[in-house]
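The sequence shown begins at 7 in the numbering used here and counts up by one. Every residue, glycine too, gets a C-beta built ideally from N, C-alpha and C. Small disclaimer: the values here were computed from a predicted structure and weren't measured.
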Amino acid sequence: KELHSIVDFGTFQPAVDPAFNNNPGLLATCHVDECSLTASGAYWSSTSDASSPLLRAWFVSFADGFSDFASKALFFFVRAVRGGCLPGG
């Protein structure tokens, strides 16, 4: 659920909301809450596959928004995703 909240199915390569793909360039300086770069690849979800929770987990591909489960032995990207800010936070 958390990764799907930032998928933008109206775009591709990467299929991510522009708010989560603000690439200021490799040499730019920015705060973590100001910049983000999303590669067009597969990212692990925090959710394990219910039928095989020790071996498989869900992923989202930001190339096109596709999601499925895969072996946890694979090397995919990871990224922090959280809900909105709390009032006063």
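Residue pairing by DSSP puts Phe-75 in a beta bridge opposite Trp-64.
Ala-48 is bridged by DSSP to Ser-67. Rounded to whole angstroms, the gap between the alpha carbons of Val-87 and Phe-81 is 19 Å. Partner residues in the beta bridge of Phe-83, as assigned by DSSP, are Tyr-49.
The C-beta of Val-13 has 16 or more other C-beta atoms within 10 Å across all chains shown, which makes the residue buried. Rounded to the nearest whole angstrom, the C-alpha separation of Ala-45 and Phe-65 is 14 Å. Excluding sequence positions up to five before and after Ser-57, its CB lies less than 8 Å from no other CB in the same chain. Rounded to whole angstroms, the gap between the alpha carbons of Asp-55 and Leu-61 is 8 Å.
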